[in-house]
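Right, one structure below, let's go through it.
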Amino acid sequence: MTARAMTKLNMVKALNWALLQEMERDPDVLILGEDVGVDGGVFRVTDDLQRKFGSQRVIDSPLAEAAIIGTAVGMALYGLKPVCEIQFSGFAFQCFHQIENHAARYRLRSQGRFHCQMVIRMPYGGGVRALEHHTESEEQFYAHVPGLKMVIPSGPRTARALLTSAIRDPDPVIFFESKALYHAAKEEVPEEPETLPIGTAQVVREGRDLTLVAYGAMLRVAREAADVLQAEDGVETEVLDLLTIAPLDRETIVASVGKTGRAVVVHEAPRSFGPAAEIAASIMEGAFLHLEAPVRRVTANDVSFVGFAREKANVPDVARVVAAARETLAF
Amino acid sequence: MTARAMTKLNMVKALNWALLQEMERDPDVLILGEDVGVDGGVFRVTDDLQRKFGSQRVIDSPLAEAAIIGTAVGMALYGLKPVCEIQFSGFAFQCFHQIENHAARYRLRSQGRFHCQMVIRMPYGGGVRALEHHTESEEQFYAHVPGLKMVIPSGPRTARALLTSAIRDPDPVIFFESKALYHAAKEEVPEEPETLPIGTAQVVREGRDLTLVAYGAMLRVAREAADVLQAEDGVETEVLDLLTIAPLDRETIVASVGKTGRAVVVHEAPRSFGPAAEIAASIMEGAFLHLEAPVRRVTANDVSFVGFAREKANVPDVARVVAAARETLAF
Amino acid sequence: MPRTILEPRFQVEYLSILDSEGNLDAALDPKLPPGDLKALHRAMVLGRRLDERMVRLQRQGRIGTFAPIKGQEASQLGSVFTLRRTDWMVPSFRETAAMIWRGWPIEKILLFFAGYVEGGQPAPDQHDLPITVPVATQLPHAVGLAYAAQYRGDDAVVMAYFGDGATSEGDFHEALNFAGVWHVPVVFVCQNNQWAISVPLKKQTHSKTIAQKALAYGLPGIQVDGNDVLAVYAVAREAVDRARAGEGPTLIECVTYRLGVHTTADDPTKYRAEEEVRAWEQKDPLTRFRAYLEKKDLLEDGLEQRVDEEIAEAVRRFEATPPPDPLTVFDHVYAEMPPHLRAQRDELARWLREGAATGAEAPETPPRATPMRGQRLTRR
Amino acid sequence: MPRTILEPRFQVEYLSILDSEGNLDAALDPKLPPGDLKALHRAMVLGRRLDERMVRLQRQGRIGTFAPIKGQEASQLGSVFTLRRTDWMVPSFRETAAMIWRGWPIEKILLFFAGYVEGGQPAPDQHDLPITVPVATQLPHAVGLAYAAQYRGDDAVVMAYFGDGATSEGDFHEALNFAGVWHVPVVFVCQNNQWAISVPLKKQTHSKTIAQKALAYGLPGIQVDGNDVLAVYAVAREAVDRARAGEGPTLIECVTYRLGVHTTADDPTKYRAEEEVRAWEQKDPLTRFRAYLEKKDLLEDGLEQRVDEEIAEAVRRFEATPPPDPLTVFDHVYAEMPPHLRAQRDELARWLREGAATGAEAPETPPRATPMRGQRLTRR
Ligand SMILES: Cc1ncc(C[n+]2csc(CCOP(=O)(O)OP(=O)(O)O)c2C)c(N)n1
Ligand SMILES: Cc1ncc(C[n+]2csc(CCOP(=O)(O)OP(=O)(O)O)c2C)c(N)n1
Ligand SMILES: [Mg+2]
Ligand SMILES: [Mg+2]
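Residue numbers (the working numbering), protein chains in the order written: chain A, 1 to 331; chain B, 1001 to 1331; chain C, 2001 to 2380; chain D, 3001 to 3380.
Structure representation (C-alpha cells):
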C-alpha cells in the first residue's frame, strides 16, 4: 500500500462519503428511501446528497418498504443502480417478498438477461436505547436466500470500502449498518475510493490458541475479549471479522480453526437457527479432525425483543465472550 | 395403546379430518384463506368445510396474504383460534412481517395479556411439477423466529395428530404440508382425535451405527436409505422424524448421536444457513465427544429455483443419502 | 372521445363545527352535555401537559425516544370519546392522549418509553392493543378484532388510529379492503398531521385527500377538521353508531398538524418552514376549544395545576419502579417455556449470580444511559 | 347532518365501441388501418388456438400446469398493440397472447411451462419482463422501469398486466401510489376476468369497479369493455400517448371473463355456474371482432390453418429441445460463481458422472412425468 491522504471519520460520515463518491463516479447510482432526501436519513447517512444530486436522484419515497424495493428492482432491471435505505432493519419484512421473490432471483429467472445491481442498506442491532423493531439483528434471514449477498461492516473504514464494493457489485447486496457503531469511533479513511472484496473475511488479529469469529458491532467485543485473554490468560486469540455473512468465507474460517482447533462465534442475532449455526457446521465440515472442543456460540437469547432496559443482559458482551473462550480452552 | 377404530386416509383427507373434528369440538376455531371455502382449497384440504360450517367460519378471503395473517392475528387477540391457509409457502413472504412482527410477538409485547393461538398452514416443497414459488422449502425462516413453532408432518397420521395439536396449542404454529406427500400414501388413522406433542421428535427406526435426521417428504427418503444401508451394508441406521423443527428437540437428536456417533441430516431447503446447520451445531454442542465423523448435510443446492425439469437433480434422493451415509461411516 | 360516465359518481364530505376563534356553527352542534365537554377538555389539557413533561423526561435521559402528540389532541380525544369501555382501541405509536382516556396509567406509558416491556401490558379487562411500532401493521388486527366481535355476536366496535404516511403501506390497503368485503364494525381514524417524519403529504400520495381513498373500497370516507374536537366527535359518533348498527366501516380523515418533533430524535427545522408551524399554531385545538368553553362558561379553575399534579404523581410512581429483572423476558415467549429457553434462562441466571464474583461487567439494570445515539438532539 | 362536499367530485368513465354483434359505434371508431385490424385479428386467433393446443399438451403431460387465456384475447391484444418495441411489457402469468405479440417465441413459452428455466429468458433486445408468478409483485417493477426511463430521458412507456384479484394485494396499492407521486409513464392494465381462482369479484372487494380504485391515488381510472378489442385499443392508445407525453399513469380496467379454467389444475365447476360461462361465451371477443371484420370484408382465408401450422412448428421445435443440463442452474445465481456454489456444482457434476456407475437413480431429465399431483384433473 502506498501512502495515501487520510481523513478521520465516524461510520455515518464514512458511509456518506462512499455514497457521494460513487454517485459522482456513476450517474446510474441513485438513492431511494424514507426520509433520505431533505432530512438526509434519520441517521444522516445520506445527508446533503439530495442538495448535491437533486430530488430525482435522491428520492424521498412514500412510506412503503415493499414499493421501495419493488421499484428499485424495476430501476435495476432498466440498468440503474439503486441504493435503497430501509429506515430500520425491523421494517424490512414488509419488503421481504420483493427481496426474496425478485431482487434475489431475476438473474436466474431471466437466465442472465436481467439482474439487480442494487444495494439495500439498513441500520440494525441494539445499543441505542430504542423501541421494539429498532434493535433486532435479522442477518440470518438474508444469509439463507440464494442470490443475495449479505454484508456487515465493523467500522468506518470497512463500511466505506464495503459500501463502495456493494454499489459496484452486479448482484443485490443487503448491507447492514450497526446503529451502535454509527458514532462509536472514528477511523482513518483514505481520500481515494477504496473497495474490499465481498465474500472475504479478514483476520484482524492473529493467534494460535483460539479463533473468535465476529462481525458488525460484535467485532469490538471480540477484540476486547482477545485483549483480556491475552492479558489475563496469556492466550493468543485469532480474531476474524467476517464482513460478508453470505457468501460465507468458509476458507478463511476453516483455515483459522484448522490452526487453533477451537472457535467461539459471536453475534447479536438470536441463537437458534442463527448465523453461528452455519459457521459452526462449516467448521465441523472443514476442520473436524482439528477440533479440540465444540464450537461455542455466544449470541442473543431466543427472544424477539427485551426492551432496552434489559438489553445489556441479552446481548453478548466482553465478559461473556471471555467466559465462553475459557470454557472452550478448558474443554 | 388400546385397540381403536382406524380408517385408511391419504394426507389431504387426514388433514381435512383434523380440521373437521377440531371445528366440531371448538366453535372458536375458524378457517381463513384464499379459495378455502367453496373450492375447498386448491389442494382440497378444506374440502366441504364451508358447506358444513358456513361462510362466516370458513372464509374465502380476498387475495392478500398480509391481511389474512393480520386479520387472523386480530381474531386471535379477541380469543378466536384461526387456522389460516397460505396457498403456497412461496407466497408467505408477503405476510412475513405480520408473522414476525405480530403473531410471534403479541404474547411478549403484551406481557401475557394477549396471545395468538393460531395456525398458519402452507403447502411446501417440490415433487409436483410446479412453477417457481411453488416448490421451495422455507422452514428455516420460521424456525429462526422466537415465539413461533414450526411443524412439518411426514405422513397422514402425523399430519392429522400434529394439526390437531397445533390448533389446540396456545402459541402460533407454522404448519408446513409437503405437496409431494398429499397423495403419496395412505395410512391408518384412528377415528378418535389424536394429538402428538409439539417439540418432540420421533425415533422411527432404531439403530446404533448412524443417525439419519429428516422430516416432511425427506423422511421417506431417509427410511429408504436406511433400508438400503441395512440390506447392502449391514448398517443399522437410526432414523429420526423431527416433526417439529422449532423448538428443536435437541434432546432426542443428541441422545441418538451420543449412541451412534455419526449423523446425516436431510432436507429440501437450500443448504447454507439452513436447518441442518442448527442440527449439526446442536449435535456438536451436545455430543461432541461421541462424534466419530463430521455431521453431513444432504440438502438442496443454494439455488432459489431450478425448474421442475431439473428438480430431481437438485433435491436429495435415496442414492445421495446412502452415499453420504457411507462416507460418514467410512470417515 | 365521448364516453359513458358510470353511476354512482363519487364525493367526499368535509365537516368543521368550531371556527378558529371557537365560534360554533349552531346547526352542527353535536350538543354534548357540559360534563362531557369538561371531560374532553380536561383530557386534552392532560395530553398536552404530559407531552411537554415527557419531552423534558426524554431530554434528561429518563425515558427514551417517543412521539409527541402536540397539536393532535382534538383528533385523538374527539374520536376515542365515542367508544365504550367494551369497544376496542387500536393505537399506532402517537396516541398517548387517547390511551390515557382509555385507562392506561401514565406511569405505564412512561415505563414503555423507558424500555420496559412491562409498559406494553394492557390491564386484564382493557380492550386496547399495545402500541404498534411498524406503521400500518395494526390495521388488519383491528379488522380481525371487528370480525371476531361480529362472529361472537358482541356489539363491540373497533377504532384504529394511524397517520397520513401509513396510508401508503400495503397493510392499510389490505385492511380497508377486507373491512369492506367483510362489512365489519371498524372505524379507521387517520390523523393526517401533514407529515410523515420529513415527508409532506404531497410527496406521500397524489390524491388530494386521504378520505377519498375510501372510494377504492366502496366505503364512506369523510374529512374533518381534526383540530376541532366537536367536529371530530360528531363524525366519529356517526361512524361508531353506524358500525354498531351493522352498517360497516368508515374512514375518517382528521386534518390536523404535528406541532412538535416527529419523535424526540427528530429535527423538523431540517425539513419544514417555521412559518408553516406558526400558521398551524393559530389553529391549536386547545386554544379553540378553550375559547368555546369560555364562552359557555365551562372552564374549570386550576385545571392545569391539578393535571400537573396527577402527572407528577405518576412520574413519581414511574421513578419508583424497581430495576427490571432480565430473567422475566423468557416468561412470555411461549405459553410454556421450551427446553432451549429454559437453558438460556438458567445460563443467564447463573451469569447474573456469578458475574460479579468473576469480575465481569454486570448487565445494566436501570435505564439511565445517554439518549439514542446516531440521532441528534433537536432544538424544538 | 349537512356538510361541505369537497371538490372535485369523482367519476369513472366506461367505453365500449363494438356491440356483441360486431356493430361499430362510428362516432368512437379509432380508425385503425386494415393492416392493423388484420394483424390484431391474427394475433387473437393465434392466442386462442395456442391456448387450446397448450391445454392438450398439458393433458398429455408434455407441459406442466399453466393459465389459459381463453376469453381475454381482446384485453391483452388491444392494449399491447399500442406499445412500441422499445416500450416495456410487464406480464403477470396469463398474458400468453400479449407475450407472443411482443416477440416471445412460442417454443420458449412451452419450455417455460415444461419446467425449463430457459423459458424465462427474454431475448437480448426484448423489453419484456419474464412471467411473474407471485400476484401483483410485478407492479412496482413496472413503476421502477418507468421511473428509470424518465430518469434516463428515454421516451419509453411501461405497460403492466394483472388481474382483478391482484388489486387486493398491498403491492398493487403501493405501486399505484408511487406511480402517482412520481408521475411516471406507466399504464396499469387490469384484466378483470371476474374471478380470482374461485373468488368472485364481489368477495374480492366492496368497490363496484376496479377503475375507481385509481381515485385513491389521484389517477385517472377508466373501465372498458375488455371483450371489445377496439375499445381496449382506444383506451390504451390514449393512456399510452398520455404517458409518453409526460402526463402520468392511468389505470385501465378491462371488463372481461375467463372462459376456461384458472389453471389446468383447477376445476371451475366447483365454484361457478355453467350459465354464467354460457352468458359470457355470447360476448366472446373473437366472435365479435370476426363479425366486424366480416362486415368490413377483412377476413383472411385459411387463417386458422396457417396459425395452426405456426403452432405445430413451434411445438416441434419445443419437442426437439435437448434434455436440460442440471449444472447450468448454478450459472445465474450470481454474476460470478462463489466458492460454495462451485463446490456444490462440482459435487453434482461428480454425482451425475458417477451416479450410474454406483447404481444410483439418475436425476430425471426430460420432463415427462404425471401431471401435478395433489390437484385434480379437471373436466373443462
Ligand atoms: C413499517 C415502518 N416503516 C418505517 C417506520 C419508521 N417510521 C416511524 S413513524 C414514521 C412516519 C409515520 O408517518 P405517519 O403515518 O404520517 O404518522 P405520524 O408519525 O405523522 O404520526 C416512519 C417512517 C416504521 N415505524 N414502520
Ligand atoms: C402472492 C400470491 N398469492 C397467491 C397466489 C396463488 N394464485 C395464483 S393466481 C391466483 C388468482 C389470481 O387472480 P387474478 O389476479 O384475478 O388473476 P387471474 O388468475 O384471474 O388472471 C392466486 C390466488 C399467487 N400466485 N401469488
Ligand atoms: Mg403524519
Ligand atoms: Mg381474475
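Note that CB positions come from ideal geometry on N, CA and C, so glycine has one too.
Contacts that residue i makes with chain C (C-beta to C-beta distance below 7 Å)
{"i": "residue 3213 of chain D", "result": "2216"}
{"i": "residue 1109 of chain B", "result": "2120, 2130"}
Chain D residues whose Cβ lies nearer than 7 Å to that of residue i
{"i": "residue 101 of chain A", "result": "3134, 3137"}
{"i": "residue 1307 of chain B", "result": "3115, 3116, 3117"}
Any non-hydrogen atom of ligand 2 within 6 Å of residue i CB
{"i": "residue 3355 of chain D", "result": "no"}
{"i": "residue 3193 of chain D", "result": "yes"}
{"i": "residue 3074 of chain D", "result": "no"}
{"i": "residue 1296 of chain B", "result": "no"}
Extent of the continuous beta strand (DSSP E) run through residue i
{"i": "residue 8 of chain A", "result": "6 to 9"}
{"i": "residue 1178 of chain B", "result": "1173 to 1178"}
{"i": "residue 267 of chain A", "result": "263 to 270"}
{"i": "residue 246 of chain A", "result": "244 to 246"}
{"i": "residue 2222 of chain C", "result": "2221 to 2225"}
{"i": "residue 1204 of chain B", "result": "1202 to 1205"}
Beta-carbon spacing of residue i, residue j below 7 Å
{"i": "residue 3219 of chain D", "j": "residue 3249 of chain D", "result": "yes"}
{"i": "residue 3193 of chain D", "j": "residue 3132 of chain D", "result": "no"}
{"i": "residue 1237 of chain B", "j": "residue 1212 of chain B", "result": "yes"}
{"i": "residue 3021 of chain D", "j": "residue 3044 of chain D", "result": "no"}
{"i": "residue 2235 of chain C", "j": "residue 2222 of chain C", "result": "yes"}
{"i": "residue 2227 of chain C", "j": "residue 2283 of chain C", "result": "yes"}
{"i": "residue 2333 of chain C", "j": "residue 1147 of chain B", "result": "yes"}
{"i": "residue 3119 of chain D", "j": "residue 3129 of chain D", "result": "no"}
{"i": "residue 3381 of chain D", "j": "residue 3272 of chain D", "result": "Because residue 3381 of chain D is not part of the residues shown, which for chain D are 3001 to 3380, the question remains open."}
{"i": "residue 1298 of chain B", "j": "residue 1322 of chain B", "result": "no"}
{"i": "residue 103 of chain A", "j": "residue 145 of chain A", "result": "no"}
Proximity test, residue i beta-carbon vs ligand 4 heavy atom, cut-off 6 Å
{"i": "residue 3071 of chain D", "result": "no"}
{"i": "residue 3097 of chain D", "result": "no"}
{"i": "residue 3196 of chain D", "result": "yes"}
Residue i beta carbon near ligand 3 (any heavy atom closer than 6 Å)
{"i": "residue 2164 of chain C", "result": "yes"}
{"i": "residue 2160 of chain C", "result": "no"}
Run of the alpha helix (DSSP H) containing residue i, from where it starts to where it stops
{"i": "residue 123 of chain A", "result": "First-last for residue 123 of chain A: 119 to 124, but that is the beta strand (DSSP E), not the alpha helix (DSSP H)."}
{"i": "residue 2047 of chain C", "result": "2034 to 2059"}
Closer than 7 Å at the beta carbon, the chain B residues around residue i
{"i": "residue 3340 of chain D", "result": "1272, 1302"}
Chain-ordered chain D contacts of residue i [CB-CB under 9 Å]
{"i": "residue 2283 of chain C", "result": "Within 9 Å Cβ-Cβ: nothing; residue 2283 of chain C doesn't reach chain D, min ~17 Å."}
Chain A contact residues for residue i, given Cβ-Cβ distances below 9 Å
{"i": "residue 2166 of chain C", "result": "63"}
Closer than 6 Å: residue i CB and nearest ligand 1 heavy atom
{"i": "residue 280 of chain A", "result": "no"}
Interface partners of residue i on chain A, CB under 7 Å
{"i": "residue 2257 of chain C", "result": "Near residue 2257 of chain C there are no residues of chain A at all, since even the closest Cβ is about 18 Å away, more than 7 Å."}
Under 8 Å from the C-beta of residue i: neighbouring residues of chain D
{"i": "residue 1038 of chain B", "result": "3198, 3270, 3271"}
Indicate whether the contact test is met: 3 or more Cβ pairs, each with one atom in the region 2047 to 2065 of chain C and one in the region 2307 to 2316 of chain C, closer than 8 Å.
Yes: at least three Cβ pairs fall under 8 Å.
Three or more C-beta pairs under 8 Å: does that hold for the region 1080 to 1089 of chain B against the region 1121 to 1131 of chain B?
Contact holds between the region 1080 to 1089 of chain B and the region 1121 to 1131 of chain B, because three or more Cβ pairs, one in each stretch, are under 8 Å apart.
Touching by the beta-carbon criterion (3+ pairs, under 8 Å), the region 2059 to 2071 of chain C and the region 2264 to 2276 of chain C
Result yes; three or more Cβ-Cβ pairs closer than 8 Å.
With contact counted as at least three CB pairs below 8 Å, one residue from each stretch, are the region 1065 to 1073 of chain B and the region 70 to 78 of chain A in contact?
Touching, no, given that fewer than three Cβ pairs across the two stretches are closer than 8 Å.
Sufficient close CB pairs (3 or more, under 8 Å) joining the region 3012 to 3032 of chain D to the region 2237 to 2249 of chain C
Judged by Cβ distances under 8 Å, the region 3012 to 3032 of chain D makes no contact with the region 2237 to 2249 of chain C, as fewer than three pairs qualify.
Below 8 Å, how does it come out for the region 1165 to 1175 of chain B and the region 1097 to 1109 of chain B: are there three or more Cβ pairs, yes or no?
Verdict: yes, contact present.
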